[in-house]
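What follows is a short report on a single structure.
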Amino acid sequence: MQFPTIFTASSWPWLLGVVLFAVLGYKKVLSLLGLGTRSRKQLPNYYEMTGVPPPTPLPNFDIDKATARPYRPFRWAYHQTMCEFQFAPSPWVIELTCREALKKMEPDWWIELESTYRERIAQRIDLHKKYGKKIINTLPGSELACRELMEMVIQFICARYPNQFKFDEDTGVLYNRILDKEMNTNEVHPLEVLNGNVPEDFLITLPDEKTGVYKMVAGVSCSSLGWNVQTKIGKPLQEIHGPVPDYKEKMAFSMDRYFSKMACDKPIQRGSWGLEIGQPLWLQDDDPHFKLRETQKPDLKVEDIYLRVDWQTLRRLPRSRAIVFNFKALFTPMMEFRNEPYIPQLILKVMKEGKKGLLDYKGTWHVEHKAIPALEEWSREQVEKGWVPEDWEVCTLDEDPYYPGWQREAYPHT
533 MQFPTIFTAS SWPWLLGVVL FAVLGYKKVL SLLGLGTRSR KQLPNYYEMT
583 GVPPPTPLPN FDIDKATARP YRPFRWAYHQ TMCEFQFAPS PWVIELTCRE
633 ALKKMEPDWW IELESTYRER IAQRIDLHKK YGKKIINTLP GSELACRELM
683 EMVIQFICAR YPNQFKFDED TGVLYNRILD KEMNTNEVHP LEVLNGNVPE
733 DFLITLPDEK TGVYKMVAGV SCSSLGWNVQ TKIGKPLQEI HGPVPDYKEK
783 MAFSMDRYFS KMACDKPIQR GSWGLEIGQP LWLQDDDPHF KLRETQKPDL
833 KVEDIYLRVD WQTLRRLPRS RAIVFNFKAL FTPMMEFRNE PYIPQLILKV
883 MKEGKKGLLD YKGTWHVEHK AIPALEEWSR EQVEKGWVPE DWEVCTLDED
933 PYYPGWQREA YPHT
């Protein structure tokens, strides 16, 4: 009796494939054959999806020598109008302003790294360990936006700083050569990935399904003054901005309308500023340092006063349609104004004649008794040296948000 021949020469490849699929699994076999898996794992091309071009690579970037650009976002005349809004980290959208204060985001500078990088990342990780959801918090429904934001940031930093960051699209591991560490983005929450590698804060908003009003659904913030993520999570814009002067009366409607119409290819940037004693990064109402804002210390030294600039961007994500604020806090000794043409007169004008409600909100009163006399002295010096014309009418500088002559060797990556 003869049995039919099943295992012919032509059937062996097919049978081998069946065995491999059964033993190793579908994805593993495709990986071995070099089929299908890499394209599934690659990050989306967010530059094409958003219409925002990729950044210029910095192959010779040295984190230890890098200096942040000297942001001086002082403006005069200090008009308050209904035409646009400014956003800042306290609690994020503040102040009314004329349209010129909002600028198109520079694609090269969405994420800017400088020499305080190691210190700031260590500080951020420590803050998260201590304060948990006050630093990082999310609501259900924010998962896609969080992941999308993380991928966009990773794509940016790997393109901008190719010798500092590398992302393995097969494993999902982000390699940070500055800190000599790696992080698996498939195992760590996206906002924790950002907090451990990027010294910037990110606040994510999405429209409410019923009302369409934008509310904060997720955030990581280590640079907030007088508020934290836990106190703002889940709130609509109008509730978040309760303390902001004139917000409800003049801005609430325009703000919601602006959010609903914002396009992915129209990210914007601006800066907010304040004067601080020292360099407080994350400061809450119950912190003893916060009480310094309530008094004018007679023994305060000008050397201890710092300009704090929160440089900010606002953009829409292409897949989730979320709108994301991000900002970083940069500190500069006020003493440096002495050698920056026009800056002493400009900030002096704002501090003396700016709208009281907004200046109170900035919280500059606690240093004015020392800052104003110093600025007056430096203004006279600059006129005497010929740096500033004696008849100069104080106004926003053409170089805004910088100052004349700022592009020198100290800022090589511009």
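If you want the working numbering, it's the 1-based position in the sequence shown plus 532.
Built from N, CA and C at the ideal position, the CB exists for glycine as well.
Within the segment 659-686, complete beta strand (DSSP E) segments of at least 3 residues are found at 668-670, given in chain order. Spanning the alpha carbons of Pro602 and Lys742 requires a straight line of approximately 43 Å.
Excluding its 5 nearest sequence neighbours in each direction, Val926 has C-beta neighbours in its own chain below 7 Å: Trp608, Gln877, Leu878, Lys881, listed in chain order.
Judged by DSSP secondary structure, Trp759 falls outside any beta strand (DSSP E); it is assigned neither H nor E.
If you compare the alpha carbons of Leu590, Ile595, Glu580, Trp642 with that of Val856, the shortest gap goes to Trp642. Beyond the five residues adjoining it in sequence on each side, Gln574 comes within less than 7 Å, by CB distance, of Glu701 in the same chain, given in chain order. Phe859 has Asp733, Gln844 as its beta-bridge partners, per DSSP. Burial state of His660 is buried, judged by a 10 Å Cβ sphere holding 16 or more other Cβ atoms. From the listed residues Leu706, Trp759, Lys860, the smallest Cα separation to Glu719 is found for Leu706. A check of alpha carbon separations from Gly766 across Asn669, Leu726, Ile657 identifies Asn669 as the nearest. Inter-residue distance for Glu835 and Gly806 is about 16 Å (C-alpha atoms, whole angstroms). Per DSSP, reduced to three states, the secondary structure at Pro768 is strand. A buried status is given to Glu732, since no fewer than 16 other beta-carbon atoms sit within 10 Å of its beta-carbon. Shown here, Ser804 sits in a strand according to DSSP, grouped into three states. With respect to the C-alpha of Asp831, the residue from Val920, Glu931, His901 having the closest C-alpha is His901. By the Cβ neighbour-count rule, His821 is exposed, with fewer than 16 other Cβ atoms within 10 Å of its own. Nearest C-alpha to Leu634 among Arg650, Glu644, Phe606: Phe606.
C-alpha of Ser792 to C-alpha of Gln801: approximately 18 Å in a straight line.
In this structure, Val899 sits near Ile837, with a CB-CB distance shorter than 8 Å. Between the beta-carbon of Gly937 and that of Pro865 there is about 19 Å, and that puts the pair past the 8 Å contact cut. Within the DSSP bridge table, the entry for Ala750 names Thr670, Ile736 as partners. Here Arg709 is exposed. Its C-beta has fewer than 16 other C-beta atoms within 10 Å. In the structure shown, Asp923 adopts coil according to DSSP, grouped into three states. Non-local beta-carbon contacts of Pro768 in its own chain, meaning distances under 6 Å to residues more than five positions away in sequence, involve Val745, Lys747 in chain order. Looking only at Ala795, Pro739, Val752, the smallest Cα-Cα distance to Gln770 is reached by Pro739. A Cβ-Cβ distance of about 14 Å is found for the pair Ile686 and Leu645, leaving them out of contact under the 8 Å criterion. The Cβ-Cβ distance between Ile875 and Arg604 falls below 8 Å.
The shortest C-alpha to C-alpha distance from Thr599 to any of Glu922, Pro933, Phe863 is the one to Phe863. Taking Gly583 as the centre and dropping the five residues before and after it, the same chain places the C-beta of Cys796, Asp797 closer than 7 Å to its C-beta, in chain order. DSSP places Tyr707 in the uninterrupted beta strand (DSSP E) bounded by 705-708.
Just measuring C-alpha positions, the residue of Ile653, Ala677, Arg650 sitting nearest Ser852 is Ala677. Burial is judged here by how many other beta carbons sit within 10 angstroms of a residue's own beta carbon; Ala654 has fewer than 16 and is exposed. Nearest to Lys597 by alpha-carbon distance, out of Thr588, Leu757, Pro639, Thr648, is Thr648. Buried is the label assigned to Gln914, since at least 16 other Cβ atoms lie within 10 Å of its Cβ. When the five nearest sequence neighbours on each side are left out, the beta carbons in the same chain lying within less than 7 Å of the beta carbon of Gly728 are those of Ile653, Ile657, Met715, in order along the chain. Straight-line measurement puts the Cα of Met794 at about 29 Å from the Cα of Lys665.
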